[in-house]
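**Student:**
In our numbering, the protein residues as written are 16 to 303.
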């Protein structure tokens with residue numbers, strides 16, 4: 016079995032160029048699907064931002080989640096951080112257009128120390144970051160999250176496993192994607208057959224010594240004929256086009272072989288018998 020590459024020697028931490036113009040729309044669609052999967056709830060039922068609360072969203076992408084939160088809670092202050100200058104420009108433009116003075120965006124990576132004072136935030140959020148997180152980066156990220164969270168404040172991470180389908184091509188593509196993630200050091204799986212981030216989250220929170228740790232699982236049906244099928248179909252096709260280079264570079268497939276799988280998957284997703292779903296897990300805990 017081919018061993019994983021050393022993540023420190025791998026310059027690609029994300030399977031898609033974050034500054035690709037098409038990635039902005041894909042992330043907007045993906046964020047909409049994830050929020051829908053979570054019952055349209057922006058925060059856990061046990062938490063509501065209050066006047067003066069400070070909330071930060073890491074790897075915010077084009078800012079849909081934090082934008083919506085800032086709109087719904089105008090008396091709280093929100094920050095969005097993302098490594099992509101393209102995403103940040105888009106997010107700032109949207110915040111300005113919607114006249115959200117309580118929302119600030121800045122460039123930054125979750126893999127680096129954060130330029131925020133200690134005990135500053137009441138709620139620290141990040142969703143679906145496993146696609147670019149080396150396994151070795153999770154513990155430092157949670158430690159940095161603890162540093163900037165006030166005592167009693169909440170850190171919440173939400174992760175999703177790869178799309179699960181009854182499509183032959185879809186399952187082959189899932190195998191390629193999860194193996195490529197494993198080869199580049201971004202999978203908790205022992206053999207590259209799963210992402211494993213949802214499996215690892217609770218233990219990571221315990222090791223970070225967070226308190227009152229809670230979990231919530233979610234399921235989103237994207238089968239043919241469901242509310243989310245068309246949006247997921249559009250998002251998947253766009254994502255596959257952009258991730259081709261990453262999969263070829265890691266050596267798990269060739270361009271021609273992958274293109275043939277994508278064509279087959281396109282056809283199978285439009286079959287009335289197509290079944291597909293996402294499984295997500297949110298874990299949150301309080302800083303002591």
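C-beta: ideal position from N, C-alpha, C; glycine also.
Note that the structure is a prediction, hence the values are computed from the model and not measured.
Assign residue 140 to one of three DSSP states: helix, strand, or coil.
**Tutor:** In the structure shown, residue 140 sits in a strand (DSSP, three-state: E or B).
**Student:** Would DSSP call residue 132 helix, strand or coil?
**Tutor:** Residue 132 falls in the coil class under three-state DSSP.
**Student:** Is the number of C-beta pairs between the segment 111 to 129 and the segment 170 to 182 that are closer than 8 Å three or more?
**Tutor:** Contact fails: fewer than three Cβ-Cβ distances are below 8 Å.
**Student:** Residue 44 and residue 80 look like a contact to me (Cβ under 8 Å); what is the Cβ gap, rounded to whole Å?
**Tutor:** 13 Å between Cβ atoms; not a contact.
**Student:** Kindly indicate which three-state DSSP category residue 297 falls into: helix, strand or coil?
**Tutor:** Three-state result, residue 297: strand.
**Student:** With a CB to CB cut of under 6 Å and the five nearest residues on each side skipped, what residues in its chain are close to residue 41?
**Tutor:** So the qualifying residues of the chain are 250, 253 and 254.
**Student:** Does DSSP put residue 96 in a helix, a strand or coil?
**Tutor:** Residue 96: strand per DSSP, three-state reduction.
**Student:** Is there contact here, the segment 54 to 69 with the segment 81 to 91, by at least three beta-carbon pairs under 8 Å?
**Tutor:** Yes: at least three Cβ pairs fall under 8 Å.
**Student:** Residue 134: which of 149, 164 and 115 sits nearest, CA to CA?
**Tutor:** Nearest option by C-alpha distance: 164.
**Student:** Using DSSP with H/G/I as helix, E/B as strand and the rest coil, what is residue 242?
**Tutor:** In the structure shown, residue 242 sits in coil (DSSP, three-state: anything other than H, G, I, E or B).
**Student:** Do you know whose CA, among 295, 230, 170 and 204, lies nearest residue 69's CA?
**Tutor:** Minimum Cα distance to residue 69 is reached at 170.
**Student:** If I follow the unbroken beta strand (DSSP E) through residue 174, where does it start and stop?
**Tutor:** Note, residue 174: beta strand (DSSP E), 164 to 175.
**Student:** Give the C-beta separation of residue 37 and residue 284 to the nearest angstrom, bearing in mind that I take them to be a contact with Cβ-Cβ under 8 Å.
**Tutor:** Actually they do not touch by this definition, with Cβ atoms about 18 Å apart.
**Student:** Assign residue 145 to buried or exposed, taking buried as 16 or more other Cβ atoms, counted over all protein chains shown, within 10 Å of its Cβ.
**Tutor:** So residue 145 counts as buried.
**Student:** Would you be able to state if there are at least three C-beta pairs under 8 Å between the segment 194 to 205 and the segment 258 to 267?
**Tutor:** Yes, they touch.
**Student:** Mark residue 155 as exposed unless 16 or more other C-beta atoms lie within 10 angstroms of its C-beta, in which case mark it buried.
**Tutor:** With fewer than 16 Cβ atoms within 10 Å of its Cβ, residue 155 is classed as exposed.
**Student:** Three-state secondary structure (DSSP) at residue 18?
**Tutor:** Any reading at residue 18 is ruled out, since the residue's pLDDT is 34, under 50, leaving its predicted position unreliable.
**Student:** What do you get for residue 230, buried or exposed, if any count of 16 or more other CB atoms within 10 angstroms of its CB means buried?
**Tutor:** When all chains shown are included, residue 230 counts as exposed.
**Student:** Buried or exposed, going by whether 16 or more other CB atoms sit within 10 Å of the CB of residue 100?
**Tutor:** Residue 100 should be labelled exposed.
**Student:** Grab the span of the alpha helix (DSSP H) containing residue 87 for me, first residue to last.
**Tutor:** From DSSP, the alpha helix (DSSP H) with residue 87 extends over 79 to 87.
**Student:** Taking the alpha carbon of residue 278 as the reference point, which residue from 193, 221 and 184 has its own alpha carbon closest?
**Tutor:** For the residues 193, 221 and 184, the minimum Cα distance to residue 278 belongs to 184.
**Student:** Output yes or no for whether 8 Å exceeds the beta carbon distance between residue 143 and residue 174.
**Tutor:** In this structure, residue 174 lies closer than 8 Å to residue 143 by Cβ.
**Student:** With DSSP run on the structure shown, which of helix, strand or coil describes residue 268?
**Tutor:** DSSP places residue 268 in coil when its eight states are reduced to three.
**Student:** Give the straight-line distance between the Cα atoms of residue 50 and residue 140, rounded to the nearest whole angstrom.
**Tutor:** Rounded to whole angstroms, residue 50 to residue 140 spans 13 Å at the Cα level.
**Student:** Which partner residues of residue 229 appear in the DSSP bridge assignment?
**Tutor:** In DSSP, residue 229 forms a bridge with 299.
**Student:** The beta strand (DSSP E) with residue 73 in it runs from where to where?
**Tutor:** It spans 69 to 73 - the beta strand (DSSP E) in which residue 73 sits, taken as one unbroken run.
**Student:** Pull up the distance between the alpha-carbon of residue 75 and that of residue 157, whole angstroms please.
**Tutor:** Whole-angstrom Cα-Cα distance: 17 Å.
**Student:** Closer than 7 Å by C-beta to residue 131: which residues in its own chain qualify, once you throw out the five before and the five after it? Chain order, please.
**Tutor:** Closer than 7 Å at Cβ, skipping near neighbours: 163.
**Student:** Going by alpha carbons, who is nearest to residue 211 out of 226, 236 and 153?
**Tutor:** Closest by alpha carbon: 153.
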